[in-house]
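Undergrad:
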Amino acid sequence: MLSTAQFEQYLAAGRRGLDTARSHTGRLATAAGTAAAGTGVFTGDYTGPSLLATAVATGLGVLVLPTGRAEGHQAQTATILYVAPGATLGVVLLVERLLPATTGAHWGAAVAVAVWSAGTWLLRPARAARRMLCPPAPAAPVEEAGLDLEAVLPDDPAARWWAQHAAVEGAAAPGTVLEDVERMGPSAMRAVIRSTTPGTPVPDISIRHLSALMDVPEELIAIGPLPGRGASVRRLTVGQAVEIDPGAYWAKEIAPHAMPHSVITGIRRQSVTTVKELHP
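Take 371 as the starting number for the sequence shown in this note's numbering and just add one per residue.
1. Could you check if Pro626 is buried or exposed, using at least 16 other CB atoms within 10 Å of its CB as the buried criterion?
2. Rounded to whole angstroms, how far is the Cβ of Thr437 from the Cβ of Ala425, which I believe are closer than 8 Å?
3. Nearest CA to the CA of Ala484: which residue from Pro495, Met502, Val462?
4. Please list, in chain order, all residues of the same chain as Trp532 whose beta carbon is under 6 Å from its beta carbon, the five residues on each side excluded.
5. I'd like the span of the alpha helix (DSSP H) that includes Ser420, first residue to last.
6. With distances taken Cα to Cα, identify the nearest neighbour of Pro544 among Asp550, Pro556, Leu421, Ile563.
7. Tell me the DSSP secondary structure of Val547 in three-state form.
8. Following the continuous beta strand (DSSP E) through Ser565, name the residue where it begins and the one where it ends.
9. Apply the 10 Å Cβ neighbour rule to Ala338 and answer buried if 16 or more other Cβ atoms are within range, or exposed otherwise.
10. Quick one: Cα of Ala440 to Cα of Ala499, how far?
11. When you compare each of Ile577, Arg501, Ala536, Glu539 to Arg385 by their alpha carbons, which one comes out closest?
12. Please look up how many angstroms separate the CB atoms of Ser602 and Pro571, rounded, as I've assumed it's under 8 Å.
13. For Gly403, count neighbouring C-beta atoms within 10 Å of its own C-beta (all shown protein chains included) and say buried if the count is 16 or more, exposed if not.
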């Protein structure tokens with residue numbers, strides 16, 4: 371037994387398939403009309419059958435046009451739009467038939483064929499008429515389109531959350547990704563915000579908006595430049611890093627177990643710039 375949601379999904383899929391079939395049929399009809407009108411430039415032997423086929427196809431289309439859903443003058447407008455390609459093609463075919471008998475010139479017919487073909491192919495008035503009366507079905511969901519979300523989302527939980535909630539259109543930071551996520555404590559982190567468009571700066575991110583989205587106080591969120599980098603990246607800091615005092619940590623965790631009664635009296639910090647090989 372299908373649920374209501376499943377039935378609506380199948381119905382929308384069927385409407386999309388029908389709309390695609392109608393679109394292809396309209397393209398074929400335009401191509402057939404171009405071929406008939408193009409043949410008429412050189413000979414009038416097929417003008418009668420072409421006019422009959424155009425009238426039948428246009429009439430059948432008008433019969434199945436859902437004008438019952440229209441309001442006000444919408445039905446008349448849609449009908450005129452739908453009939454326009456067939457009616458103008460009929461005029462072109464008749465002009466082609468009359469031109470040789472009057473002037474013998476065919477270049478005007480060729481121009482008329484080109485204008486009709488280009489206008490019908492680009493403007494698609496019959497399709498516009500149908501969509502005026504019956505809006506197209508909603509687009510297929512992402513899963514139906516064959517896009518694997520798990521394959522495009524990052525592995526890091528914070529970066530994944532950012533991609534799903536902060537970087538989407540209309541959120542706090544659209545068009546960005548979160549990279550180089552670094553944990554600095556139980557509730558603190560540091561990361562890099564990068565623009566997904568090369569050469570484009572990271573947009574102005576509202577800390578107030580981001581605070582509401584993350585449910586973190588505004589004063590615990592900071593966004594600033596990344597040293598040595600351009601405006602296409604920004605440094606994001608959330609929370610307060612846990613600063614560990616080496617002396618206190620030694621007295622609490624190391625001394626009681628490994629070196630009783632020992633204390634740290636001084637700390638020397640030195641940056642390592644070269645790696646030396648150790649020889650026995």
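Even glycine gets a Cβ: it sits at the ideal position worked out from N, Cα and C.
TA: This is what the structure holds:
1. Here residue 626 refers to the residue found at position 256 of the sequence shown. Answer is exposed; the Cβ neighbour count stays below 16.
2. Translated into positions along the sequence shown, residue 437 becomes position 67. Translated into positions along the sequence shown, residue 425 becomes position 55. Not quite, the Cβ-Cβ distance comes to about 19 Å (not below 8 Å), so this is no contact.
3. Locating residue 484 in the sequence shown gives position 114, where the first residue counts as 1. For Ala484, the nearest C-alpha among the options comes from Val462.
4. Locating residue 532 in the sequence shown gives position 162, counting from the first residue. If we look at Trp532 and ignore the five residues flanking it on each side, its Cβ neighbours are Leu548.
5. Mapped onto the sequence shown, residue 420 falls at position 50. For Ser420, the enclosing alpha helix (DSSP H) starts and ends at 417-433.
6. By 1-based counting over the sequence shown, the position of residue 544 is 174. The closest CA to that of Pro544, considering only Asp550, Pro556, Leu421, Ile563, is found on Ile563.
7. Stepping through the sequence shown from its first residue, residue 547 is reached at position 177. DSSP places Val547 in strand when its eight states are reduced to three.
8. Taking the sequence shown and counting its residues from 1, one reaches residue 565 at position 195. If you look at Ser565, you'll find it in the beta strand (DSSP E) that goes 558-565.
9. Shown here, the chain extends from 371 to 650; a query on residue 338 therefore has no answer.
10. Mapped onto the sequence shown, residue 440 falls at position 70. Mapped onto the sequence shown, residue 499 falls at position 129. Whole-angstrom Cα-Cα distance: 11 Å.
11. By 1-based counting over the sequence shown, the position of residue 385 is 15. Among Ile577, Arg501, Ala536, Glu539, the Cα nearest to that of Arg385 belongs to Arg501.
12. On the sequence shown, residue 602 is found 232 positions in, with the first residue counted as 1. On the sequence shown, residue 571 is found 201 positions in, with the first residue counted as 1. Contact holds; Cβ gap of about 6 Å.
13. Position 33 of the sequence shown, counting from 1, holds the residue named residue 403. A buried status is given to Gly403, since no fewer than 16 other beta-carbon atoms sit within 10 Å of its beta-carbon.
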